[in-house]
Amino acid sequence: MIKKIIFFIQEAPFTGTEKHKVAQSRPAAPPRPDITHHILLTIIDSPLYKSNRCKIYVKTVNNILIEINEGTRIPRTTTRFVGLMKDVLRKLKIKDEDKTLMRVVKSKIDFPPGAVKIGMSRKGERISKEHFIANDVVLYVNAKQRGEDVFDDVDVLMKVSDYELSGAAAVGKAIFFIEDILNVF
Numbered sequence: 001m002i003k004k005i006i007f008f009i010q011e012a013p014f015t016g017t018e019k020h021k022v023a024q025s026r027p028a029a030p031p032r033p034d035i036t037h038h039i040l041l042t043i044i045d046s047p048l049y050k051s052n053r054c055k056i057y058v059k060t061v062n063n064i065l066i067e068i069n070e071g072t073r074i075p076r077t078t079t080r081f082v083g084l085m086k087d088v089l090r091k092l093k094i095k096d097e098d099k100t101l102m103r104v105v106k107s108k109i110d111f112p113p114g115a116v117k118i119g120m121s122r123k124g125e126r127i128s129k130e131h132f133i134a135n136d137v138v139l140y141v142n143a144k145q146r147g148e149d150v151f152d153d154v155d156v157l158m159k160v161s162d163y164e165l166s167g168a169a170a171v172g173k174a175i176f177f178i179e180d181i182l183n184v185f
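Under full-length UniProt numbering, think of the first position of the sequence shown as 1, with each following residue one higher.
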């Protein structure tokens, strides 16, 4: 049975100075930290997160990995959220009294053995509950406006709709699907 759902949000911009991979024929789109912010709010506001069954990692476009610990809340406004993330990148961790809320991870993450790694993509396939029931799950989601979904080391690509959805809407549907399996209400 699932013990943890690990959300791995990648391609997150925070400083406005990130290097973007863009096709040569188009000018670079401005960074969109609000996409990451909306995805995180969707996760953190969910009953699944509040039941302490989630772990969250955010990987910036500069390959800096940030761990967000259980029970951490984030600011509701994008401006304050971006300021917080800049603080994490500068100080390497954010603490509240004696508890670390967020920290920069300098080593490789070891996911639970046997965890199913699922990349969320509109080019993926609809997957069944069996992918979720027997194993821990790592859900990869890109925090970018558009473009090719590229994930390192995923087992399967999953789509949650036949329609193009925002990252937050897609994550919300996946969370609802998992909450239904786990009977989290």
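Quick reminder that beta carbons are idealized off the backbone N, C-alpha and C, glycines included.
In this text the structure is predicted, and so the values were computed from the model without any measurement.
With distances taken Cα to Cα, identify the nearest neighbour of Lys106 among Val88, Ile6, Ile118 and Asp98. Within the sequence shown, numbered from 1, the residue matching residue 106 stands at position 106. Nearest C-alpha to Lys106: Val88.
Determine the DSSP secondary structure at Ala12, reduced to helix, strand or coil. For the purposes of this step, residue 12 is taken as the residue at position 12 of the sequence shown. The answer is strand: DSSP assigns Ala12 an E or B state.
By the three-class DSSP mapping on this structure, what secondary structure does Arg103 have? One-based indexing of the sequence shown puts residue 103 at position 103. Here Arg103 sits in strand by DSSP.
To which residues of the same chain is Cys153 closer than 8 angstroms at the C-beta, ignoring the five residues directly before and after it? Taking the sequence shown and counting its residues from 1, the one referred to as residue 153 is at position 153. Per the sequence presented here, residue 153 reads as Asp, with Cys not at that position. Lys117, listed in sequence order.
Exposure of Val137, with buried meaning 16 or more beta-carbon neighbours within 10 Å: As a position in the sequence shown, residue 137 is number 137, starting the count at 1. Burial call: buried.
Which partner residues of Tyr140 appear in the DSSP bridge assignment? By one-based count along the sequence shown, residue 140 stands at place 140. Paired residue(s): Phe8 and Gly119.
Do Phe7 and Ile43 count as a contact pair if the criterion is CB distance below 8 angstroms? Here residue 43 refers to the residue found at position 43 of the sequence shown. Here residue 7 refers to the residue found at position 7 of the sequence shown. Result yes, Cβ atoms of Ile43 and Phe7 sit closer than 8 angstroms.
In the DSSP assignment, what residue or residues form a beta bridge with Val58? Along the sequence shown, read from residue 1 onward, the residue named residue 58 stands at position 58. Looking at the DSSP assignment, Val58 forms a beta bridge with Ile9 and Ile66.
Please look up how many angstroms separate the CB atoms of Lys4 and Arg53, rounded, as I've assumed it's under 8 angstroms. As a first step, residue 4 must be located in the sequence shown, where it is residue number 4. As a first step, residue 53 must be located in the sequence shown, where it is residue number 53. The pair is a contact, with the Cβ atoms about 6 angstroms apart (cut-off 8 angstroms).
Which of the three DSSP states, helix, strand or coil, is assigned to Lys95? Locating residue 95 in the sequence shown gives position 95, where the first residue counts as 1. It is a strand residue.
Cβ-Cβ separation, Thr78 to Asp34 (assumed contact under 8 angstroms), whole Å: Here residue 34 refers to the residue found at position 34 when the sequence shown is read from its first residue. Here residue 78 refers to the residue found at position 78 when the sequence shown is read from its first residue. Their Cβ separation, rounded to whole angstroms, is 5 angstroms, which keeps Asp34 and Thr78 in contact under 8 angstroms.
Starting from the C-beta of Glu125, find all residues in its chain whose C-beta is less than 8 angstroms away, skip the five residues before and the five after it, and write them out in chain order. As a working note, residue 125 is residue 125 in the sequence shown. These residues qualify, in order along the chain: Val156, Leu157, Met158 and Lys159.
Reducing DSSP to helix, strand and coil, say where Gly172 ends up. On the sequence shown, position 172 is the one that residue 172 refers to. Helix, per DSSP.
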